[in-house]
Structures are given as C-alpha cells and as structure tokens.
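Undergrad: Residue numbers (full-length UniProt numbering): 1 to 356. Glycine is no exception: its CB is placed at the ideal position from the N, C-alpha and C atoms. Mind looking over this structure? Questions follow.
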C-alpha cells in the first residue's frame, strides 16, 4: 500500500572544532565550561535497510525503533543524505500503525506541552496545514464558533503556503494576532480568545522537518503527525482528517487500537481540501474514537439542502468578511459546520467530565 507521506533520520555529523582553553583557566573547569556539546550521531543504515526496499519489499519498524529514529531526526542527529533517504523511503512504503505511534511519541516529547484553562470543556485541538485552493477555508470560523460556546481551542499550523490560502492569513485579515509562544497561546485560551500558534513557535524541531517539503518537493510523515498530535498535558479532543483513502484505514486502526486512552478523544473525517472543517456543501462522515470505541457521528456524504453562498477560496479578505457576517448573524452558519460544532461541544464536555 502506497501512502503519500514520509519519515526521517541520522548520522555522521562532523564534530565542531574543539574549543581552546584559556591558559589562565583552571584545568578541567574551563574545559568543562568551554567544550561544545556534541550530539551522538544516529546510525541510520540498519533502519534504511528495513524501510528502503520499495513498496513490496520494505519492512516496518517496531514502535520503539520508530520512536528512536524520529527522535534522532528531531534532534538533528541525522545527516542530510540519510534524512532524505528515510523521508523518501517512508513515503514509498507508507507508515504502519506502530510506526505512527512511535513517531508521534517522539514528536509530542519534543516540545513543552500546553496547559488548558480550567472549565467545563476539555480543549479542542484544531490543526490547519493545508489551507484552501478552490473552496473557502472555513477552519477559522469553526474555531471562533467553538470559542463562542466557551470551548478552549488551540489551532496550530503553517503561516503561509505559496499555492493555498492558510488559516493564519485569514486570522490576520480578521485582525487576530498569532500566538508567539506556548505561554501566549495558553493566555489567549484562558481569556476566552481564539488561539492560533504557528508550528514554528509551538514545536520548532517539527517545523524543520515539515520544511523538508521545500527541498524534496513532496510531503513526508511529519505532515501526518502534525494533524494527529496532541499538544496538551491533559486529555483533549483532537479534530483530525485524512485526504487519501488508505489513511482512513491506518488512522482508524491507530485511534482504535494504539492511541493512549489518557490523551483524550479524536474525531476523524475526510478533509475539506485537507482541512478539518466540515464541508459546507457536502457534509462528510465523522467518526468519534473514545477509549478504543468507534462511533459514527455523521453519516457519509449528505448534500446540504441549502447550499450556502461561499467566499472565493483564495481571497483572505473576502473570507474574513464572510466569516464576520456569519458571526454577526447576517449569514447563517452552514448546517454541516453547525452540526460539527455541536458534536465538538458535546464531546469536549464528556472528555472534561471524565478527567474529574
């Protein structure tokens, strides 16, 4: 099975030049203070040998090996040559459930987890990494409708895409500033405000691996991880999506059988141009995963009775105006998005209650 995704890794990084100890310094002490910290290179060849045998011959890594490999990638302990080899090998092979579990464990351990405010609702995690090309990007509307209902929402994503309109650009057009740090994102949620944080501010090492797309020309496994990672210390509700059908099978298996129950619940749906907001014209199926149990919240592909007039998909200002008109009551909330909001509010309350 071929997945349009990828992964990471390792090795022979030249050591920095040794620091020169001042003649007047006490032996040993000055050396300890001045000596550079050299990360141990990761030996990637055995991993590449397993995953690099092509679509039919490659073997998947164990969860522990996958976690060790991805951790080394995040820490910069892989050479450029080996990193490219791993990313492309994983894209051709496709990720197994155990590999995704290992990668995700390493990814979530690479940054300081956030603390959500106290209240009636668990936080909702809303990733935004695709943006829109043709259809309107209404992910910011989903975020703001949830915040209006008292739900703390963390949106994380990229700020720009050369071919798409990002949620970050729409927030800027709405006059909503991006959080520059995890602490700022926490403060915004506590104040009952939308909290959008660029991935470069939330998790710089993960952002670096996302940027490999600019060099290699294709996405890698990190693009899947950022859509399913849980950035909070406490349980949360993750809104996740897939684009290609093979990912429905793999992610359903992950959330049903491998995802830690103490991390909260997840919604899984086919993305609206890759975004985790319901399609305003044709509502897609939404599956809810809670402690390994799968429940269908919205049945597959029902066409909206009243197709709303939507803004141009590539115009940030037009999209911002349209969103403001909805928030002001001058336009109705698209039915599919209104139903998605209701489901989020209900499950976020359930997750929060289960913490108590």
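#1: Are the stretch 203-217 and the stretch 168-175 in contact at 8 angstroms, needing three or more beta carbon pairs?
#2: To which residues of the same chain is residue 257 closer than 8 angstroms at the C-beta, ignoring the five residues directly before and after it?
#3: Does DSSP put residue 340 in a helix, a strand or coil?
#4: Out of 253, 264, 197 and 220, state which residue places its alpha-carbon closest to the alpha-carbon of residue 353.
#5: Count Cβ pairs between the stretch 56-67 and the stretch 93-111 that sit closer than 8 angstroms; are there 3 or more?
#6: Give the DSSP-derived three-state secondary structure of residue 60 in the structure shown.
#7: What does a CB cutoff of less than 7 angstroms around residue 141 pick up in its chain, not counting 5 residues either side in sequence?
#8: Measuring straight from C-alpha to C-alpha, what distance separates residue 317 and residue 62?
#9: Check whether the stretch 121-136 touches the stretch 267-275, counting contact only when three or more Cβ pairs, one atom from each stretch, lie closer than 8 angstroms.
#10: Quick one: complete beta strand (DSSP E) runs, 3+ long, within the stretch 114-186?
#11: Exposed or buried, what is residue 198 when buried is set at 16 or more other beta-carbons lying within 10 Å of its beta-carbon?
#12: Report yes or no: do the stretch 240-250 and the stretch 101-120 share at least 3 C-beta pairs separated by less than 8 angstroms?
#13: When the Cα of residue 386 is compared with those of 164, 121 and 227, which residue comes out closest?
#14: Determine the DSSP secondary structure at residue 221, reduced to helix, strand or coil.
#15: Using 8 angstroms as the Cβ pair cut-off and three pairs as the minimum, do the stretch 98-108 and the stretch 222-236 touch?
#16: May I ask which residues mark the beginning and end of the alpha helix (DSSP H) holding residue 111?
#17: How many Å lie between residue 56 and residue 89 at the Cα?
#18: For residue 201, which residues in the same chain have their Cβ closer than 7 angstroms to its Cβ, ignoring the five residues on either side in sequence?
#19: Looking only at DSSP bridge pairs, what is residue 70 linked to?
#20: Drop a sphere of 10 angstroms on the beta-carbon of residue 29, count the other beta-carbons inside from all chains shown, and report buried for 16 or more, exposed for fewer.
#21: At which residue ranges does the stretch 212-268 contain complete beta strand (DSSP E) runs of 3 or more residues, listed in the order of the chain?
#22: Quick one: what does DSSP say residue 42 is sitting in, helix, strand or coil?
#23: Looking at the unbroken alpha helix (DSSP H) that takes in residue 296, where does it start and where does it end?
#24: Kindly identify the DSSP beta-bridge partner or partners of residue 357.
#25: The beta strand (DSSP E) that contains residue 203, what's its start and end?
#26: Please classify residue 163: is it buried, with 16 or more other beta-carbons within 10 angstroms of its beta-carbon, or exposed?
#27: Quick check: the Cα distance between residue 75 and residue 99, rounded to an integer number of angstroms?
#28: Check whether the Cβ atoms of residue 268 and residue 343 lie closer than 8 angstroms to each other.
#29: Quick check on this structure: which residue in 79, 127 and 41 has the alpha carbon closest to the alpha carbon of residue 196?
#30: CA-CA distance, residue 205 and residue 331?
#31: Taking a contact to mean a Cβ-Cβ separation below 8 angstroms, would you say residue 189 touches residue 260 in this structure?
TA: Quick look at the numbers:
#1: no
#2: Along the chain shown, one-based indexing puts residue 257 at 257. Closer than 8 angstroms at the Cβ level, and outside the excluded window around residue 257, lie 97 and 292.
#3: Along the chain shown, read from residue 1 onward, the residue named residue 340 stands at position 340. Correct three-state label for residue 340: helix.
#4: Taking the first residue of the chain shown as position 1, residue 353 is located at position 353. Of 253, 264, 197 and 220, the residue nearest in Cα terms is 264.
#5: yes
#6: For the purposes of this step, residue 60 is taken as residue 60 along the chain shown, with counting starting at 1. Three-state result, residue 60: coil.
#7: On the chain shown, residue 141 is found 141 positions in, with the first residue counted as 1. 323, 326 and 337, listed in sequence order.
#8: On the chain shown, position 317 is the one that residue 317 refers to. On the chain shown, position 62 is the one that residue 62 refers to. Their backbone Cα atoms lie some 47 angstroms apart in a straight line.
#9: yes
#10: 124-128 and 153-157
#11: Start at 1 with the first residue of the chain shown, and residue 198 comes out as number 198. By the 10 Å Cβ count, residue 198 comes out buried.
#12: no
#13: Not covered by the structure: residue 386. The range shown for the chain is 1 to 356.
#14: Residue mapping note: residue 221 aligns to position 221 of the chain shown, counting from 1. Note: residue 221 maps to helix in three-state DSSP.
#15: yes
#16: Locating residue 111 in the chain shown gives position 111, counting from the first residue. Looking at the DSSP string, residue 111 is not in any alpha helix (DSSP H), and its letter there is neither H nor E.
#17: Here residue 56 corresponds to residue number 56 of the chain shown, with the count starting at 1. Here residue 89 corresponds to residue number 89 of the chain shown, with the count starting at 1. If you take the alpha carbons of residue 56 and residue 89, they lie about 12 angstroms apart.
#18: The residue you call residue 201 lines up with position 201 of the chain shown. So the qualifying residues of the chain are 179, 180 and 181.
#19: Sequence index remark: in the chain shown, residue 70 carries index 70 (1-based). Residue 70 is not bridged to any residue.
#20: Here residue 29 is taken as the residue at index 29 of the chain shown, counted from 1. Unreliable placement is indicated for residue 29, whose pLDDT of 42 sits below 50; the coordinate value is still reported in the next sentence. Residue 29 is exposed by the Cβ-count criterion.
#21: 236-242
#22: Reading the chain shown from its first residue, position 42 is the one you call residue 42. Residue 42 falls in the coil class under three-state DSSP.
#23: As a first step, residue 296 must be located in the chain shown, where it is residue number 296. First-last for residue 296: 293-298, but that is the beta strand (DSSP E), not the alpha helix (DSSP H).
#24: Outside the shown range of the chain, which is 1 to 356, sits residue 357, and nothing can be said about it.
#25: In the chain shown, the residue the question calls residue 203 occupies position 203. No beta strand (DSSP E) holds residue 203; DSSP gives it neither H nor E.
#26: On the chain shown, residue 163 is found 163 positions in, with the first residue counted as 1. Residue 163 comes out exposed.
#27: For the purposes of this step, residue 75 is taken as the residue at position 75 of the chain shown. For the purposes of this step, residue 99 is taken as the residue at position 99 of the chain shown. Their backbone Cα atoms lie some 18 angstroms apart in a straight line.
#28: What you label residue 268 is simply residue 268 of the chain shown in a count that begins at 1. What you label residue 343 is simply residue 343 of the chain shown in a count that begins at 1. No, they are not a contact pair.
#29: The residue labelled residue 196 in the question sits at position 196 within the chain shown. Of 79, 127 and 41, the residue nearest in Cα terms is 127.
#30: The count along the chain shown starts at 1 and reaches residue 205 at position 205. The count along the chain shown starts at 1 and reaches residue 331 at position 331. In a straight line, the C-alpha of residue 205 is about 41 angstroms away from that of residue 331.
#31: Numbered from its first residue, the chain shown carries residue 189 at position 189. Numbered from its first residue, the chain shown carries residue 260 at position 260. Going by C-beta atoms, residue 189 is not nearer than 8 angstroms to residue 260.
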